[in-house]
Amino acid sequence: MFNINKWIAILWLSLLVFLFSCRKDVSPYGEYKNQPEPETAFNEAIIVYFKDKNSGKYSISNPKEFLTEKAIQRRITQKIAIDSTDLPVSNAYIQEVVKQTKGNSLNVSKWLNYTVIHLPEGFGDFEKN
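Residue numbers (the working numbering): 1248 to 1376.
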């Protein structure tokens, strides 16, 4: 027998699925807040990995210098040891890469020990002799 309420519910759900699947303004990775507009003079980005952290300023034995109290407590509660991946990336390294490339540092990862550099237009173009 034909049940109108069942068909209305199916059509309604189909419409909702269609509307939500067509949204292009929402990223599956989250929402970027206060993201600056890209500069037109910069069009390529590279990831620069560093071999070490040059941690002369910070020490694993004194984590309060580079970790928040909340982060330290979370590690104690979850029995996670503080190691070299918790040390910040060397600011001198980042500044040197920015200076050499004349780019901008977009992002820094202390766990993976890298920075993302936005390269200026024409970087890497070499004149042919």
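Each residue gets a CB set at the ideal place from its N, CA and C atoms; glycine is no exception.
Buried or exposed by the 16-neighbour rule on C-beta atoms within 10 Å, applied to residue i
i, result
"threonine 1362", "buried"
"asparagine 1360", "buried"
"serine 1334", "The sequence given here places leucine at residue 1334; serine does not occur at that position. Label assigned to leucine 1334: buried."
Helix, strand or coil at residue i [DSSP, three-state]
i, result
"lysine 1375", "Low per-residue confidence applies at lysine 1375: pLDDT is 47, beneath 50, and the placement is therefore not dependable, though the value from the model is reported in the following sentence. It is coil, neither helix nor strand."
"serine 1356", "strand"
"proline 1310", "helix"
"tyrosine 1296", "strand"
"phenylalanine 1291", "A small correction: the amino acid at residue 1291 is glutamate; phenylalanine does not occupy that position in the sequence shown. Note: glutamate 1291 maps to strand in three-state DSSP."
"tyrosine 1305", "coil"
"leucine 1366", "strand"
"asparagine 1351", "strand"
Cβ pair residue i, residue j closer than 8 Å
i, j, result
"isoleucine 1329", "valine 1345", "no"
"asparagine 1378", "serine 1337", "Nothing can be reported for residue 1378: it is not among the residues displayed for the chain, which extend from 1248 to 1376."
"phenylalanine 1370", "glutamate 1316", "no"
"leucine 1366", "isoleucine 1293", "yes"
Nearest-angstrom beta carbon gap, residue j and residue i [assumed within contact, 8 Å]
i, j, result
"threonine 1332", "lysine 1357", "7 Å"
Closer than 7 Å: residue i CB and nearest the ligand ATP heavy atom
i, result
"threonine 1315", "Absent from the structure shown: the ligand ATP. Ligands present: none."
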